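Visitor: Below you'll find the structure I mean.
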């Protein structure tokens, strides 16, 4: 895929390039020959109109691409049907040529929790792990980074990114369909790493944090957002089976324990910016997802608990610098 080649080239040269090229070639072949849903989405991508947006707004909470008049002879109803074919839209909100995509998550609320506290993104090399449709990448692009690179291994979300970037054509924004552990060693390659909504899916959070530290230059900044356990003791919840109907949740530490993990992984100046209980204002079912959402994950008789009886989702945002 030309998109993957461009992303690899944007990273510059390094001893890791042959390994990265081989992994991207393999992943590109997998995307083209994957299951029927991925083939369907790639087909819809090929059908998407080649539009030139007359308006872009990447700095506001709702990312805006284009206006209705940019569609020309293409009916807005046809664009709506095309966008619905890419459900579920998890991250947003978005306004695409006059159509409001009301995503499951109000991602702008999360962005607002840290935007005034992080190091300025202008001129920085940024890595966003688990970037979904690219909402945060596009918000970062408004700050003129040198590079904003996403990792999104889930093919349907990567296809959403391809659709949006096909209209945006942001030269400093790229995405790779890889997991963190599939990225070759790139010691000190990035100035800022965003790791949001991913750590609790890691079987070994210690290995993940060590890897994040290695990707940052000394003094580089980590923005970490994750589910946490309420309390001040050095404890972590390890769900027996599922947590909020998710089968791939392994550890929910308290904030003090998470800060200790970060320090042991080579970070300093660790601080917690925010702890927030997830509410229906931020995560809810909308017509733009075809799956369950927060209300379905909470106990019907006690919204302070998940359906399994665990503490309801509490999320924290932490900042740390690599030593």
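In the working numbering, the protein residues as written are 101 to 423. Don't be surprised by glycine CBs; every beta carbon is placed ideally from N, CA and C. In this text the structure is predicted, and so the values were computed from the model without any measurement.
Here's the rule I'm using: 16 or more other beta-carbon atoms within 10 Å means buried, otherwise exposed. How should residue 261 be labelled?
Guide: Flag for residue 261 reads buried.
Visitor: Express the C-alpha separation of residue 268 and residue 160 in angstroms, rounding to a whole number.
Guide: Residue 160 and residue 268: Cα-Cα distance of roughly 15 Å.
Visitor: From the DSSP output, read off the bridge partner residues of residue 416.
Guide: For residue 416, which the question treats as bridged, DSSP gives the partners 326, 375.
Visitor: Evaluate contact between the region 343 to 350 and the region 290 to 301, counting only Cβ atoms and requiring at least three cross-stretch pairs below 8 Å.
Guide: Contact holds: three or more Cβ-Cβ distances are below 8 Å.
Visitor: If we count the other Cβ atoms within 10 Å of its Cβ and call it buried at 16 or more, is residue 200 buried or exposed?
Guide: Its Cβ having fewer than 16 others within 10 Å, residue 200 is exposed.
Visitor: Say whether the region 309 to 316 touches the region 267 to 286, bearing in mind that this needs 3 or more beta-carbon pairs closer than 8 Å, one atom from each stretch.
Guide: The region 309 to 316, when compared against the region 267 to 286, does touch it at the 8 Å Cβ threshold.
Visitor: If we ignore side chains and look at the alpha-carbon of each, how far apart do residue 207 and residue 276 end up?
Guide: Computed Cα separation, rounded: 21 Å.
Visitor: Can you tell me which of 212, 144, 236 puts its alpha carbon nearest to the alpha carbon of residue 181?
Guide: It is 144 whose Cα lies nearest to the Cα of residue 181.
Visitor: Hey, would you say residue 290 sits closer than 8 Å to residue 251, going by beta carbons?
Guide: Cβ distance not < 8 Å, so residue 290 and residue 251 don't count as in contact.
Visitor: Cα separation between residue 328 and residue 297?
Guide: For residue 328 and residue 297, the distance between alpha carbons rounds to 11 Å.
Visitor: Using CA atoms only, rank isn't needed, just tell me which of 110, 104, 119, 113 is closest to residue 281.
Guide: Residue 119 is the option with its Cα nearest to residue 281.
Visitor: Within 7 Å: the Cβ of residue 414 and any heavy atom of the ligand NAD?
Guide: The ligand NAD is absent from the structure shown, which contains no ligands of any kind.
Visitor: If distances are taken between C-alpha atoms only, which option among 213, 146, 209, 274 comes closest to residue 234?
Guide: Nearest of 213, 146, 209, 274 to residue 234, Cα basis: 274.
Visitor: Pull the bridge partners of residue 346 from the DSSP assignment, please.
Guide: Bridge partners of residue 346: 343.
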